[in-house]
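Anchor point for the sequence shown: position 86 equals 155 in this note's numbering, and the numbering is continuous, going up by one each time.
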Amino acid sequence: MFTHPSIPSDKILTRYIAPFGLTALLRPSKAGQPVESLWVGGEGECGIVLFVSALDAEIYRLHARTVGEEWVRHPLETIGFQSTVEHLGQAWTHLVFAFNANASRQLTLDQCGCFLHPCFPERFAPLDTPSEPVTFRFRSRLFETMEHHWTRIGEPNYAQTINKLNRLGTTKSGAVELRELAERALSAASLGPVGEPRHEQTDWTVFSPGAGAWCFGPNQARQGALH
Numbered sequence: 070m071f072t073h074p075s076i077p078s079d080k081i082l083t084r085y086i087a088p089f090g091l092t093a094l095l096r097p098s099k100a101g102q103p104v105e106s107l108w109v110g111g112e113g114e115c116g117i118v119l120f121v122s123a124l125d126a127e128i129y130r131l132h133a134r135t136v137g138e139e140w141v142r143h144p145l146e147t148i149g150f151q152s153t154v155e156h157l158g159q160a161w162t163h164l165v166f167a168f169n170a171n172a173s174r175q176l177t178l179d180q181c182g183c184f185l186h187p188c189f190p191e192r193f194a195p196l197d198t199p200s201e202p203v204t205f206r207f208r209s210r211l212f213e214t215m216e217h218h219w220t221r222i223g224e225p226n227y228a229q230t231i232n233k234l235n236r237l238g239t240t241k242s243g244a245v246e247l248r249e250l251a252e253r254a255l256s257a258a259s260l261g262p263v264g265e266p267r268h269e270q271t272d273w274t275v276f277s278p279g280a281g282a283w284c285f286g287p288n289q290a291r292q293g294a295l296h
């Protein structure tokens, strides 16, 4: 079970099993106000976006501010995901593991100017015992496939990199370092046109802190459909 040791037990609202700590983006809100999270997906599969890498979440967050979108990073543990599943009867999550890019090595943007990203959907069905504490289990095959894609992108050890980065995301000092890394990534990024057609989204890309550069997968990396 993944629970980051820096998060107090009384702050944990969601327990889950996954090899990485997962990060969500929520709108800034005041106590008592409804909480809005970043969601994606088509009809019937719309659900919360969960970033496998806290750095990717921070990169997305900082860039979104340039187009008027305000988000705050939150570890999944601190979000009441179980109540969402209970309320809706089922809930989808979308695990983001990279960013979309075009053949010109540019990060692609949606119609709003925000980054596009590949993701794996994961559905959690009605709970057997609603209102009882639940531990959500994410399929290990999804993360194994992510590691395969990172290797094809040129980052075979990216899983270890992510684990180091995610530890930064839950402390104040680490958050400063994470933001600096995200700013460096954005400075090194080349962006495609807003609303670029889907057929131009040929590659995937991740930022390598060690290399200080974006690593891009070959076009063939997108031949296999996400399942």
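Built from N, CA and C at the ideal position, the CB exists for glycine as well. Every value quoted in this text rests on a predicted model; they were computed, and no experiment measured them.
| query | DSSP three-state call for residue 152: helix, strand or coil? | reply | By one-based count along the sequence shown, residue 152 stands at place 83. Of the three classes helix, strand and coil, the one that applies to residue 152 here is helix, per DSSP.
| Can you tell which of 154, 239, 165, 157 has its C-alpha closest to the C-alpha of residue 107? | As a position in the sequence shown, residue 107 is number 38, starting the count at 1. Just measuring C-alpha positions, the residue of 154, 239, 165, 157 sitting nearest residue 107 is 165.
| task | Take residue 130 and list the residues in its own chain whose beta-carbon comes closer than 8 angstroms to its own, dropping the five residues that flank it on each side. | result | Residue mapping note: residue 130 aligns to position 61 of the sequence shown, counting from 1. The residues are 94, 140, 141, 142, 251.
| query | What do you get for residue 240, buried or exposed, if any count of 16 or more other CB atoms within 10 angstroms of its CB means buried? | reply | One-based indexing of the sequence shown puts residue 240 at position 171. The Cβ neighbour count for residue 240, taken over all protein chains shown within 10 Å, is under 16; the residue is labelled exposed.
| query | How would you label residue 116, buried or exposed, when you count the other beta carbons within 10 angstroms and need 16 or more for buried? | reply | One-based indexing of the sequence shown puts residue 116 at position 47. So residue 116 counts as buried.
| query | Taking C-alpha atoms, which residue in 187, 170, 86 lies nearest to residue 215? | reply | Locating residue 215 in the sequence shown gives position 146, where the first residue counts as 1. The candidate whose alpha carbon is nearest that of residue 215 is 187.
| task | Tell me the start and end of each unbroken alpha helix (DSSP H) in the stretch 170 to 248 that is at least 4 residues and wholly inside, in chain order. | result | 209 to 222, 227 to 237
| query | Three or more C-beta pairs closer than 8 angstroms, one from the stretch 234 to 249 and one from the stretch 111 to 125: is that the case here? | reply | yes
| request: Find out if the Cβ-Cβ distance for the pair residue 222, residue 89 is shorter than 9 angstroms. | output: Residue mapping note: residue 222 aligns to position 153 of the sequence shown, counting from 1. Residue mapping note: residue 89 aligns to position 20 of the sequence shown, counting from 1. Against a cut-off of 9 angstroms, the Cβ pair of residue 89 and residue 222 comes out as no contact.
| Considering only C-alpha positions, which residue in the set 244, 275, 157, 213 is nearest to residue 366? | This structure leaves residue 366 out entirely; the chain is present only between 70 and 296.
| request: Let me know if residue 148 comes out buried or exposed under the rule of 16 or more other beta-carbons within 10 Å of its beta-carbon. | output: For the purposes of this step, residue 148 is identified with residue 79 of the sequence shown, where counting begins at 1. Flag for residue 148 reads buried.
| For residue 86, three-class secondary structure by DSSP | Against the sequence shown, residue 86 aligns to sequence position 17. Here residue 86 sits in strand by DSSP.
| message | Looking at the secondary structure, which residues open and close the alpha helix (DSSP H) in which residue 130 lies? | response | On the sequence shown, residue 130 is found 61 positions in, with the first residue counted as 1. Its alpha helix (DSSP H) spans residues 123 to 134.
| request: Could you check the C-alpha separation between residue 248 and residue 127 for me, to the nearest Å? | output: Taking the first residue of the sequence shown as position 1, residue 248 is located at position 179. Taking the first residue of the sequence shown as position 1, residue 127 is located at position 58. Computed Cα separation, rounded: 7 angstroms.
| field | residue 217 vs residue 273 beta-carbon contact at 9 angstroms | value | As a position in the sequence shown, residue 217 is number 148, starting the count at 1. As a position in the sequence shown, residue 273 is number 204, starting the count at 1. No.
| said: Quick check on this structure: which residue in 278, 285, 263, 279 has the alpha carbon closest to the alpha carbon of residue 136? | reply: On the sequence shown, position 67 is the one that residue 136 refers to. When each option's Cα is compared against that of residue 136, the closest is 263.
| query | Quick one: Cα of residue 277 to Cα of residue 194, how far? | reply | As a working note, residue 277 is residue 208 in the sequence shown. As a working note, residue 194 is residue 125 in the sequence shown. For residue 277 and residue 194, the distance between alpha carbons rounds to 36 angstroms.
| Checking contacts by CB at 9 angstroms: is residue 116 closer than that to chain C? | Looking at the structure shown, chain C is missing, and only one protein chain is on hand.
| With 16 other CB atoms within 10 Å as the buried threshold, where does residue 83 fall? | Working through the sequence shown from its first residue, we reach residue 83 at position 14. With 16 or more neighbouring CB atoms inside 10 Å of its own CB, residue 83 falls in the buried class.
| query | For residue 260, which residues from the same chain have a beta carbon less than 7 angstroms from its beta carbon, with the 5 sequence-adjacent residues on both sides left out? | reply | One-based indexing of the sequence shown puts residue 260 at position 191. The answer, listed in chain order, is 175, 176, 178.
| query | Straight-line CA distance for residue 209 to residue 138? | reply | Locating residue 209 in the sequence shown gives position 140, where the first residue counts as 1. Locating residue 138 in the sequence shown gives position 69, where the first residue counts as 1. Each residue's alpha carbon lies about 32 angstroms from the other.
| task | Give the single residue among 204, 189, 220, 167 whose Cα lies nearest to the Cα of residue 254. | result | To locate residue 254, count along the sequence shown from 1; it is residue 185. Of all alpha-carbon atoms in 204, 189, 220, 167, the one lying nearest the alpha-carbon of residue 254 is that of 167.
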